[in-house]
Structure formats: structure tokens, C-alpha cells
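Reviewing the structure listed below.
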Amino acid sequence: MSAPAPYVSRVPFESVHPKALAVYCSDGRFTEAVEDLAHHLGHSRIDTLTLPGGPALLNRWASDYLESEGITRAARFLIEGHHIEDVLLLAHAGCGYYQSRHGALGPEIAAEQQLKDLHFGAKELQVAYPHLRIHLYFAHPQGKTVEFRPVPRET
Ligand SMILES: [Zn+2]
1 MSAPAPYVSR VPFESVHPKA LAVYCSDGRF TEAVEDLAHH LGHSRIDTLT LPGGPALLNR
61 WASDYLESEG ITRAARFLIE GHHIEDVLLL AHAGCGYYQS RHGALGPEIA AEQQLKDLHF
121 GAKELQVAYP HLRIHLYFAH PQGKTVEFRP VPRET
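Here's what the structure looks like:
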């Protein structure tokens with residue numbers, strides 16, 4: 001019995017780390033669209049940090065404290081270790097994480113909380129890393145497309 005042959009990906013390996021990090025939801029319906037947005041913004045490749053709810057977890061006051069601690073530490077590891085310069089924080093409409101936590105209050109309240117979490121995460125990262133360029137987006141499926149609406153930063 002010989003071992004199955006390894007699969008060699010057609011995607012070339014690049015040894016240099018990307019300079020951009022995207023924090024978003026695990027929801028695979030958005031994965032390729034987020035990569036496409038990153039390309040549009042000039043990042044051919046990105047580091048990613050994905051967990052259900054995405055940037056929700058950066059807000060330790062609104063999410064589970066231990067989960068939040070974990071994702072915050074992971075974000076810091078990538079930002080420092082990979083010399084990240086741009087961070088994208090992305091929320092998406094119809095997020096199951098928010099529906100399970102805030103769904104009973106209706107989609108508007110969930111969306112409000114998503115915006116709060118984006119701003120909270122952005123502020124925390126900006127204080128820790130003043131050099132970062134932080135970009136906030138809210139993804140909305142529109143028929144067969146995904147529209148990424150920029151969310152202006154709170155000052
Ligand atoms: Zn989601």
C-alpha cells in the first residue's frame with residue numbers, strides 16, 4: 001500500500017507576509033468576496049482572522065470574555081509578528097452569530113450592535129497600534145453580489 005500522492009496547489013507560495021489583516025466572520029459565503037475586496041484595495045494577499053461573528057469578538061464587553069481575549073491576542077500576534085499596516089474589520093448582514101445573541105431584539109438592533117463592535121475594535125487596535133490604517137466595512141448581499149459599504153470611523 002503506497003501513501004496517496006501529495007496534492008500540489010496551483011497557487012504559488014510567496015514567502016513574504018502580507019501587510020494587511022482582515023478580521024471577519026467564518027461564514028464561507030463571504031470568504032472569496034472579502035479576498036476580492038482586499039485585491040480591490042491593493043492587497044494581493046491578506047492575513048485572515050476568522051471566527052463566527054468576526055470583529056464582534058474584539059469587543060470584550062459584548063462577547064464572551066475568554067473568546068474575546070483569544071482573538072485579541074491573535075490579532076496582536078499577527079499585527080506585531082507580520083508587521084501589518086492595514087487592518088480590515090468586516091461585519092456582514094444576516095450574521096448567525098448576532099442572530100443567536102441579539103436576534104430576539106430584531107435585525108436593526110443586531111446591526112446596531114455590529115456597528116458598535118466595529119468601532120470598539122477599531123478604537124482598541126488604534127490605541128495599541130497608532131500606525132495602523134483601519135478600515136471598516138459592512139457587507140450586504142445584493143442578489144448575486146456582495147456589496148461592501150465603507151463605515152466611516154468614529155473620531
Ligand atoms: Zn457571520
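Numbering (full-length UniProt numbering), first residue to last: 1 to 155. Cβ coordinates follow ideal geometry from the N, Cα and C atoms, glycine included. Note that the structure is a prediction, hence the values are computed from the model and not measured.
Which of helix, strand or coil DSSP assigns to Ala110: What you label residue 110 is simply residue 110 of the sequence shown in a count that begins at 1. If DSSP states are grouped into helix, strand and coil, Ala110 belongs with the helices.
Near ligand 1: Asp36 beta-carbon under 7 Å from a heavy atom: Along the sequence shown, one-based indexing puts residue 36 at 36. Not so, every heavy atom of ligand 1 lies at least 7 Å from the Cβ.
Rounded separation between Tyr7 and Phe13 - CA only: Against the sequence shown, residue 7 aligns to sequence position 7. Against the sequence shown, residue 13 aligns to sequence position 13. Cα-Cα distance, rounded: 14 Å.
Per DSSP, the bridge partner or partners of Ala3: For the purposes of this step, residue 3 is taken as the residue at position 3 of the sequence shown. Answer is none; Ala3 lacks a bridge partner.
Buried versus exposed, by CB contacts within 10 Å (16 or more), Pro4: On the sequence shown, residue 4 is found 4 positions in, with the first residue counted as 1. By the 10 Å Cβ count, Pro4 comes out exposed.
Euclidean distance between Cα positions of Leu90 and Pro18: Taking the first residue of the sequence shown as 1, we reach residue 90 at position 90. Taking the first residue of the sequence shown as 1, we reach residue 18 at position 18. Cα to Cα, the separation comes out at about 18 Å.
Residue from Ala62, Leu21 and Leu41 with nearest C-alpha to Arg76: Taking the first residue of the sequence shown as position 1, residue 76 is located at position 76. The residue with the shortest Cα to Cα distance from Arg76 is Leu21.
Among Val11, Glu85, Thr72 and Thr31, nearest to His43 - alpha-carbon criterion: Along the sequence shown, read from residue 1 onward, the residue named residue 43 stands at position 43. Selected option, being the one with the closest Cα: Glu85.
Simplified DSSP state of Ala62, which is helix, strand or coil: By one-based count along the sequence shown, residue 62 stands at place 62. Coil at Ala62, not helix or strand.
Given Phe120 as reference, the closest of Leu132, Pro55, Ser100 and His83 once Cα atoms are compared: Within the sequence shown, numbered from 1, the residue matching residue 120 stands at position 120. Comparing Cα-Cα distances from Phe120 to each of Leu132, Pro55, Ser100 and His83, the minimum goes to Pro55.
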